[in-house]
Each structure stands twice: as structure tokens, then as C-alpha cells.
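Scroll down for the structure; my scribbles are underneath it.
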Amino acid sequence: MRRFLSVVLAVVLLLTVCSPVLTARAASFKDVPASYWASDEIKALTDKKVITGYADGTFKPEGKVTREEFAKMIVVAKGLSLVTPAKPTFTDVAKSRWSYGYVEAAAKAGYIVGIGGGKFGPTAQIKRQDMAVLLVRVLGQQSAASAIKEPVTMSNDESSISSYAIGAMTIAVRPRVQLLRWDKFRNLNPTVSATRGDCAYAIYNTIVPPASGKKSVTIAEENAPENLFPLISDSAYTMKAVTFLASAPISVTPYGITYPEMAKYVPSLANGHLIRNADGTVISDVELRKGMTWSDGKPVTIDDYIFSHKLYMSDDIQVVSRSPMDLVTKIQKINDYKCRITWKSWDAYIPTGWSIYPEHILGPQFTKDPKSINTSDFNNNPVYCGPYVVKTNVQGQYITYAANKNWFGGQPVFDTITERFIVDTNTLLINMLTGTIDVSSESLPLDLAQQFEAKMGNSFNVYYNKGTSCGVMPWNISSPWFSDKRVRQAFYYGIDRALVTKKAMVGNDPVLSPISSGSAYYKPVLAKYTYDPDKANALLDAAGWKWNAAHTQRTLPDGTAAVLKVPFSQGAAFREREITLMQPMLTKLGITMQHDPMDFDALLDSETNGTFIITLHGVSFDNYDPYGSVLSFRSDQIPTQANGMQGQNVTRYKSADMDKWLYAAQAATTSAALNEAYSHIQDIFAEDLPTFYLEQRMYPDEVRKGLKGYDHFFSSTVYNVWNVQYWYWFK
Amino acid sequence: MDNREVLVDIKNLRTFFYTEDGVVPAVDGIDLTIHQGEVVGLVGESGCGKSVTALSIMRLIPDPPGKIVGGEIFFHGEDLLKKSNEEMRLIRGDKISMIFQEPMTSLNPVYTIGDQISEAITLHQKINAVEAKKRTIEMLHLVGIPEPERRYSQYPHEMSGGMRQRVMIAMALSCNPDLLISDEATTALDVTIQAQILDLMRGLQKKLGMAILIITHNLAVVAEMADTINIAYAGKIVESATAREIFKSPRHPYTYGLLQSIPKFTEKRTSEPLPAIEGMVPSPYHMPKGCSFNPRCPFATEKCREEEPELVELAPGHMVRCFHPIES
Amino acid sequence: MRDYVIRRILGMIPLILIVMIVSFAIFSMVPNPFAALIENPRIKRSDIDRLIKAWGFDLPWYMRFFRWFGGVIRGDWGPSLLYPGSSARDVIALALPVTVRLMGIEFLVALAIGLPIGILSAIKQYSMTDYVVTVVSFMGMSMPTFWFGLLLMMLFSVVLKRPSGMPLLPPGGILTPGLEEASFWVKFLDRAQYLVMPVIVLAFSSIGSWARYMRSSMLEVIRQDYIRTARAKGVPERSVINKHALRNAMIPIVTLIALSVPAIVGGASITETIFNIPGMGKLIIAAETKADYPTAMVGLMLISILVIVFNLLADIVYAWIDPRIKYS
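Protein chains in written order, with our numbering: chain A, 1 to 731; chain B, 1 to 328; chain C, 1 to 328.
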């Protein structure tokens, strides 16, 4: 018998050696590009022969895996020897089965216990949560898993995890474990079958856990945070730094998907925790997880959350923004972890709520004197409930963060993170060229990033992300200049926006829609306005803009010369350059464009009062809430005495059609309705052109190869360090 | 004739200055002898090379732009021009001292006068500071400065011009030099002070016995003091004789002209203008051909314009450089 | 002298007050920093108005001045806008030692190298040494600091490396993260390596200036008569320069040094930006452009007071080292 087996083995080995197709191809599979999320793990495991590709050179990463196939994978990965006992452990895995040795080995090692009734279910596809359960056993954390009664998975489908898998799933998404990843909608999909890609990833992280690599990383930023208290600071850098330090009840992914971090769920109409009443009021529930602690050890309760609202609403504190907190009419405490909030009217940010601050620290200061919060020590030595705490802060130079081992989501992978602040972009480039920096996001301008890539492209990935800031030239539609739609279209045809963007060295593409290109509802409706000066001239002719005798300049129908002064913020050299680039293009249309540097306050005032003709400045898109970007096209948003000059519709655009769809978007509750509304909004925009968009800025990221977990994207409110506790070095 | 030993013997000294505009032959063949203890005058107009001669003896010509290009300066029989810088340094202030024209600027303003004199002493003699101070105060007393102990700690700007010149003299004589060179030392002082200083120098000379080379453009200064007078013109000595001889019978037309132009107190009043030598001292870049005095000489002939006269001994001890010397 | 000093000190008080008012008025010309927030879609006009009111930007500048001044008298220099939560004084107190360290060392290095070079240049005027020094001085004074700084960083950080692979000198910064618990010497040496390049950049231009000042002062002094006197005394050349000439040449230099000291506190904003040094230069510029008037005022008052005090000190020192100067 033994001799027979050895002959078989020899033949099999020979075949393996001779057949190049079956050999693990160290290069790549046709269907697993380097950018595939699990390509590193697939490659590593194929090298180790834990998994193999197919004869046609593919890997089929989306294929499903049966339970017995998975058993084989894990046994091979762990290097266990096959076990062939006389009596099979499971009734449905007979000795004659090909997977017998593997299943028995796995059973012997204690990895698998079966599905009950003595069965194993070898041909069933393995579900993601079962994979988690199995691998948690492999990691030896089974007892820890069974001690966990409530899931902490920070996913939107947390409640759909089977009760036996609660502990394993919680452990499986911990930073130092990372067996499963959330999908784009922040779901873990526990009952969905695992794909070959999923298995490769999970098994690799089982045998080479994330914490096997170097446990530190160095990140470069342009500016240091002003302080560490976002309540009273508008600085993006403060927000970025606090991302390391503070978790929030509800967080947002860069793709605009909310998910429950410190809270147990995101209040929504679907789960019944969000109610929109007929009278326009809204009710939402906020329920925090149990057992969370602040970094000083004190427990987190709903009292902290309720207290935080007081901070936002205090007039003595220099709060930067209190939207939508100012819509709250009542907060009712239900128990130590839950409260119910009543809101005056709907706002897209209601489900997200507000940030949570520790009452046991800020409360006494607030009671004594609310103004003292502005200068409180909390600004520089805060206490939050997050994955990291500040270890050293050298003002203006660097901050080192130490991992908060007791973070409710599990111990972060990196023990230390160093964030270095380098203001001058040339100096930053030099520092990056020395190789001492691992990550630099949105700090190098486009040209320097390209230089960096040319030199260090072998060890760094450079991602050219579209930014959320753009340039905008709002025009006054009630002025004789821009009241005619044809003139507005002429500007879009007559200005080569793509060229201006490229030449100003900030990006590659102009803005193609009034809502963010990261939004799910985005349609590039402005792409039809390609550069066409002839068409532009034809439109101006049709609008009655006459040329002078020498054919050098036009006049408007009312006789004024076509000389356009464009105000921009004094000292903004960049805007000055854009105007210089546009001047020759407008000259072709018979319009003289002139620079008009101005005090920015005065510029904004002229927009509010409607005394302007055109201006040039920047604006940001909100990835999460596209409504904010288009609200300014509603006719009731025109600043008037009635609304205290508070409206943002400075272009004075009025359209009944647009109003109709804007109200529809505000009232919509299903994504289909939202989709339809935004589609119409964008189409109407492209036709009426209420404002002129210019460049979309590009912010390159530079990331050392081998850093897992880094997600390059763009968002004006979510920073690239949003998931820093999950980053690790691939080993 | 002087039967004292020769102290300084200058033979055919030539010191030129090399400037951007050309070469200036400031001293172009000067012969001069000083005997021990003798008071010798060197007289001439500005630019005739007298100061340069003095600085050449001291080897203090600034190089660039100046350079001693030829000749010999024998001091105690040794040619100073062949000595090293260090050897010269030891001689300066110790064996040969010099005092200068501007007492107001010739002393260092940030050190006390006492310190400056003591420095001269300690540089050349092996005595300690206390001894040096004592000697300094002695010198101050010697040159006639009242309250020398108090004055020791004073700064130059706290003293008048005359006082400062006395200090300079004290400093120059503090090491008992063999030769004191006085380069227009009294020119910048007013007349009464001038007389005082000259008296002082005369007295010191009798007391200490050093030789003095008095450089001046003022014949009156040397009249009383000098044993021998040398008249210099355009870088050369044109007449050399005892003081008596010069004043009694000048032989060179230039000397004669100089004497004529001194206003005399005893002459009766006339309405005639004071006689002056016509013309100007020639520019050193454009020396006239032949005798350098010929353009201004009332007795110049064709020969004077062609050839340069040599220094000739017309009478014992009386040297003249002229083709047509005036009859005695 | 004592009366003079007292009078000067009393005169400083109205001067400082005037400086305060004028600076404040000029700062107020910078627009409020909140207008730019409008770009953020979540911030509304009402938020901006609220912030303007909270920080007092809705008041006219003289009202704001009185409010600020009232705080100053009570010892409260105001909160910082750049760093909410920190007081203006704290913010300055963090940046000040960094700047003083950098600028102080640069100052000493520049003097230690520049002054001797200037002296050498003067002694050897028009020689090859002089020309080389002059050319290099002018190069240093004309070199744009940001360009030179970046060039140095490219050379010493990217091109040149230590055996371990790390850059030879760190490109910017002041400390290495992670050494907070190290011993004093380790930290000292760590800080020192960060100072090498910025000091080179800054000193290179100041060395040029100091060398030029020293050279011209020295040249003037060397031509003086008392230097000639010293040489005539037999003072060795080295002492002529170091004792006689230098003491006089240093008089204007010492006053210049005293007047330059306040600049140490002001920092160098371009160099600090390039080398990522969180110093006073960068801070004051940021405070001025972002209308953080409390911080800008603290910084400005510090520098103004130092300038005024050191002006007085310069005058006192001047009187102390030049015996010719007397105040009544």
C-alpha cells in the first residue's frame, strides 16, 4: 500500500514539475492586476502553493470556495501533515474523499467542529462568518471569542451576524487580525459566501498577521494642527490629527457611507431609528456601545453625548460650526447608553449627529465658566476615545502617537505613528527623497509629485486623486452681462477650461458637474462644453454682442464695452495666473478681461449684495452631501433682506424647474428618488449654467509600497488617515 | 669739517612710488651725512622728497606703492637697506626714533599717553612694568610736562597740541636713541609753541647728546639749531653746507631764492612785493630735462636744459649741484 | 553718564507706547482671517459673522487696541488665533528658544569668521586674498537663502549619506522624533546636527557683511598717523594690527554688534520655512498674515523693546570703549 502511494506521489510530483501551467506562476494572473485589493496575498499564497491558479492563467478571485476546499487551504497554509485515521470524524467526509486527509487534519488541530449532527458539509460554500469562526480558532482566540456577547464590528449589517459568530466576527475585524474587510457600503456580509480572494486574504493574515511587519509609520503633513480640539478650530489639520485620537458615534467613509463606530447603528428609516414626521420634524435615536472608555479610563456614556450638544450651542464658546446641532429641539435620555433626539426639520447630517466630548473633563470647566473652554488645556492635551493618544507633541515639528491598547475596536497595528510637519513643499520633497517618510498625502503639488515619482517610483506609489476643491467664477445673472443664457454658454465654449487647469499646474480636468465626482449621483454633464471659440462667437453674435469696426472688441446690446474686470482675493497669485491664462481666450471673443485684486471680505460682500458682475475664488464640494453644493441654485436662497442676506444664491438664478427638483431631492428618502432628482438637477444646470466652474484640483498622494489599508481617494471632510489604525506593512 | 664719527651715511638713495598714473621718483639720488651728535637740517618745499628720505631711513615706506630702488643707508657702518624686517624693528624706537608733523593724530586715542610711552620702553628694554612707568614719568618730566604722575593716565585728546608733541618727543627719546628724526614736528603748532618745542629739543640734544635730523620747509627753524643744512629740490640735494655758510653765502640759485623770500624783520619798509621764486615745483611725473630747477632758474642756460649737474664741493664742506653757482 | 542713562531710560517709555500704537494700527490693515472659511460648504455666513464678533474684528482698530492694551496691563497678552486654546505668550515662548539657538549660534559663527577675514582683507588690500574674500563676500550677500538652503539639503541629505543609509545631515527640522527620553548629551548632539545647514546658510551672508564692515573700518584705521607712530616705535607688525589698529577699528563694529543683537530674536523667516524650524520669523509672518494680532503684537513688542534697549546699550558701550566720548 505504501509503495503504491509513494508511486502515486512520485507521479504527481513529476507531473507537477513537468507541467509549467500547474506551477505557481510567480508573475501575475491575468485577472488579478496589481491594484486588486488582495493581489499581494494571492501572490504570496500561490508562491507557497497554498492556492493555485487555473490552467488558463487566471485565478478567478470572485469564484466561490467549498468548505472542504477551504479546509485544504488552511491545512496546507499551516503546514500540517495530513491525518488519515481509521474512523472518519464526520459522516459526510468518507475516507475515500479527496479531502479526507485535510479535513481530518483540520479537525485534529481543532480548527473545525462541523455543522452539527456529526456533519461537516464539505460541498457547501463556506460563508464569510464561518470562515471567521474557523480562522479565529486557528489563531487560538476561541475562548476570547466566546466571551464576547455584543458585536463590535462597526458595520451597517452588524445585526445580521449569527449569534454563534458574534465573537469571531468582532475579533476578525480587529486591526491586528483583519481577516475580513468591509465592502463599499460598510457591510461585512456575514452570510455571503466567501470568494477565493476573500479566502486568500484571510488565510494569509492568519499565517502572517498584520502585526508581523514593522510596527511604526511616518506620515508627512504640510501644516501642524492649530490645536487638538475641533470644536473651536476650523483647521483641516486639526481634524486630521484628531482622526487619530477620536472615534465618533457615527463616522463616514470617504465614499460618503455612514457607519456606526461608537454607536451601535446608524439611525435610518429602514431600521426604524429615524422617523420623519409629516410636520417636517425628525426623530433620531443614538445608542452607544457598552464598555467603551475614554483614554483616561473613565467609561463613555450617553451623558457625554448629551453634554456635547451643550458645548456646540453655547454662545460663549467660539464654535466654528453648529450645523445641524441648531435644529435640535429636545434630547431625551432613555438609559445610560441611549437617547432620543427631536429635530426641527430635516438636514442631511442628522443621521451623523455630532462629535462626543468627555463630560467628566469639560463639564466642570463649562459649569464654572463656559468661556474657559476656549483656552482650556483640553486644546492641547485632550482626552478622547480613539485608537491613538498623543505621546509627544513638538509644536510645529512633529507629533508622535502611541497606540491606545484598550481601544474598543481592538489594539491598533502600529505601536507608534510619527506625523511630521513640513511647510515648504520643496523641503518636503527633499525629505521624501531621503526615504525617511512613508506617506505624504495631498501635500506635494502636482509638478513636484511627478518629479518624486520619476525618482522614487520603484518604492512608492503615487496616486493622482481628484480633489474636492475647485475654482468657480460666479456671475451675476441679473446684470446685463450675464442675463442671456447664450452669453453664459459662450463663456463655457470660449474658455478652454481643461487647458487652464493643466497650465495652472493643479490638475488634469476641469469640473464636469455641480456635484462632487465622488458622489454616487454624479453625471459629467459639462463634458459637452468642449473648447470651441467659433461656437462661442456665434452665440455672442446671436445674443446681440456687436463687434467694433476694427473687429477687436465687442459691445453689449446696451452699448457698454465688453471690458470685464474679474475680482479675486488680493495676493492669490494662483487666481491671478488663471485670469492671465483666460485673457487671450476671451480676446478671441472680443471681450477684454482684466485683473481686479480685491480684499476678500469686500469681494464676498459684493456677491452678497449683488453689486458684482463676476468674481473668481474657490469652493469645496462635499462628497457626502451633494445637496450642499446645489442648494445655492434654489431661488429662495437669493440673499435678500427677508432672509437677512444669508442666502448663498449669489448668482441670482431663478428657475421653477430647478426649484422643483431641488425640493424633490431634499424630500427624497429612497436612493432611486435621489438619483432621479440629482439627474434632473445636473441636466438643468448644464443647460442654464447658473455659474461658471473652472479647475478641479488634483491632490497627489505618495505612499510607500507595501503599506496595506491605505485608501487613496478624495474628500474634503474625510481624511486619508481615517482608518489609520488598520494600516500595516505587508510582510 | 666735522671730526665726530659718521653716524648715518646716505649714498645715492633712490625711492620711487609706482602709481596708476606713472612712476614718481620721490627721492632720486640723495646723499646725506649725519655725524654723531650733529644736528642736521634737511630743507625744501613740499614734495621735494625730504619726508620720504626720513621714512626710507626708518624703512617705513609703504610697499605698495613705494619701493627703495637703490642706494645705501649706512648706520654705524651697516647698510640698513640690507637688514631684515626684524632687525629694523629692533632699531626703530631704540636706536633711531622719529617724530611726526601732526601731534593731534600721531598718538593712539584709545590708550593713555603713559601706556604708549611705556610700551616704547618695554619693547626695547628688559625692565618690568613698574620700572617702565617710573622711567616714563621721568621722561614726561624731562620734556617739561607738569604733574607727570597725573598726566600718565590721561588720554591724548585731553591734551593740547603742544603737550602732545612733548609726549611724542618723550616717547621718541625714551630709549635714548642715537638719532632723532624730526619730520616737520613743529609745522602744525602755533608760533609760540613752536619756539617752546624747538627750545626743548635744543636742550635735550645738549643733555642727551643724540643726533637730530630736522626736516622742515622753514629755514628759520634750522637757523638756530642745525649744524649742517641740506637743501633738497625735486628729489635731490642741491646744496649742502654748514648753517653759517648757507645763510652767509648761498651758492645755489634755489637756496638764494629761498633766503630772499624770507620776510625780514629788520629791513626797512618798502612797498615792493616779497620776492618769490617764479614757477612751481615740477610735477614728479614730468621732471624737466637737464637740471630739474632750470624752468624756474633766472640763470638757466642751454646747458642746464640739456645736462644734469652733479654735486660738486665748491669749498670745504660746501657742496652745490649747479653749473652756474652764485659767487660767494 | 548716570544722568544720561536715566534720561534715556525714561525716554524709552513714550517711545514704546508709540511703537505699540503704530504697529497695532498697521496690523489692523490685514483683513480678518475668517472670510476664507466660506469655501467650506458646511460653514455659513452666520458662522463667519459670529466668529468675527467673538474675536473683536467687528470693532474699529482703536477700540480693539484699547481692549488689547487693557489686557496687557493686567498681564494678559491675549489668546492666539493661530493656535486656539493657547495664549499668545505661550506660543511665542515656544518659538523663542528655537530662534535664539539658531540665530545666536549663527551670529557667533559669523563674527568669529567674518571679522578675522575682514582684518586679513584689509591688511592685504588689493592682494589675491583680498579679491577672493571680496568676491566670496558679495556672493554670500547676494545668494538667495531659499535656493542655497535647498541646494545644501539636496547635497547633504539626498546625495551624501551615512554608512547606515540615512542622510548625512537631516533635511530640516529641529529634533529627531523618539529621543525624548534620551540623555542630555544625546539630545544635545541630535539638536546640533539640525543646526549645521541653517547656520551655514545664514552665516554665509552675514559673514560677507561683517567682513566688509571690518575691512573698511580697518582700512581707515591703518591709514592713521598713530599707526605709523607705532611702527616707528618698533612695535612688531602683529601688535600693530592686533593692539593698535584693532582696538580702534572695533569701535564702530562693537556698536554694530550691539545694534544687531535684537535681530537674533526676530529670526529669519525664509530660512526657517525652508528648514522647517518653528521659530519666531515664521511665527510672526504667519501671525501677521492671518491677523493673529495678539501673537504678532507680543512678537513685535519683544523685538521693539530689544531694539530700543540695545540702542541704549550700544551708546553706553561706545562711550565705554572710546575714551574720547563723554555724555553729559
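Glycine included, C-beta positions come from ideal geometry on N, C-alpha and C.
Beta-ladder partner(s) of residue i, from DSSP
i, result
"glycine 114/A", "Per DSSP, none; premise fails for glycine 114/A."
"histidine 318/B", "Ala315/B"
"isoleucine 73/B", "Ile10/B"
"glutamate 419/A", "Ile219/A and Ile399/A"
"asparagine 335/A", "Lys338/A"
"aspartate 183/B", "Ile215/B"
"leucine 564/A", "Met593/A"
"serine 569/A", "Met598/A"
"phenylalanine 59/A", "Paired residues: none, contrary to the question."
Three-state secondary structure (DSSP) of residue i
i, result
"tyrosine 464/A", "strand"
"isoleucine 21/C", "helix"
"isoleucine 96/B", "strand"
"tryptophan 68/C", "helix"
"aspartate 28/B", "strand"
"tyrosine 54/A", "coil"
"leucine 51/C", "helix"
"leucine 169/C", "coil"
"leucine 22/A", "Its pLDDT being 39, under 50, leucine 22/A is placed unreliably by the model, and the measurement read from it follows with that caveat. The answer is coil: DSSP assigns leucine 22/A none of H, G, I, E or B."
"phenylalanine 713/A", "coil"
"methionine 287/B", "coil"
"cysteine 297/B", "coil"
"glutamate 78/B", "strand"
"tyrosine 62/C", "helix"
"threonine 611/A", "coil"
"isoleucine 34/B", "strand"
Contact check, residue i vs residue j, beta carbons under 8 Å
i, j, result
"proline 230/A", "threonine 238/A", "yes"
"glutamate 578/A", "valine 500/A", "yes"
"isoleucine 161/A", "glutamine 125/A", "no"
"phenylalanine 185/A", "asparagine 156/A", "yes"
"glutamine 194/B", "valine 39/B", "no"
"leucine 283/C", "valine 199/C", "no"
"alanine 220/A", "serine 440/A", "yes"
"methionine 297/C", "phenylalanine 24/C", "yes"
"valine 158/C", "proline 170/C", "no"
"tryptophan 343/A", "valine 328/A", "yes"
"alanine 211/C", "glycine 149/C", "no"
"isoleucine 316/C", "methionine 12/C", "no"
Nearest-angstrom Cβ-Cβ length linking residue i and residue j, presumed shorter than 8 Å
i, j, result
"phenylalanine 307/A", "glycine 363/A", "6 Å"
"leucine 556/A", "glutamine 594/A", "Not quite, the Cβ-Cβ distance comes to about 16 Å (not below 8 Å), so this is no contact."
"valine 136/A", "alanine 172/A", "6 Å"
"cysteine 297/B", "proline 253/B", "5 Å"
"threonine 216/B", "aspartate 227/B", "That pair is no contact at about 15 Å."
"glutamine 154/B", "threonine 112/B", "6 Å"
"tyrosine 521/A", "leucine 631/A", "Their Cβ separation, rounded to whole angstroms, is 15 Å, which puts tyrosine 521/A and leucine 631/A out of contact at 8 Å."
"glycine 37/B", "glycine 317/B", "17 Å between Cβ atoms; not a contact."
Chain B contacts made by the region 246-260 of chain C, where a contact means CB separation under 7 Å: The residues in question are Arg247 and Asn248.
Within 7 Å of chain C by C-beta, residues of the region 224-236 of chain A in sequence order: Listed by position, the residues of the region 224-236 of chain A near chain C (Cβ gap below 7 Å) are Glu226, Asn227, Phe229, Ile232, Ser233 and Asp234.
Residues from the region 380-414 of chain A in contact with chain C, defined by Cβ distance under 7 Å: Listed by position, the residues of the region 380-414 of chain A near chain C (Cβ gap below 7 Å) are Asn380, Thr392, Val394, Gln395, Gly396, Gln397, Tyr398 and Thr400.
Members of the region 124-138 of chain C that neighbour chain B once the beta carbon cut-off is set at 7 Å: Within the region 124-138 of chain C, no residue qualifies.
Residues of the region 593-604 of chain A with Cβ closer than 9 Å to any Cβ of chain C, in chain order: If the cut-off is 9 Å between Cβ atoms, the region 593-604 of chain A has Asp599, Phe600, Asp601, Ala602, Leu603 and Leu604 near chain C.
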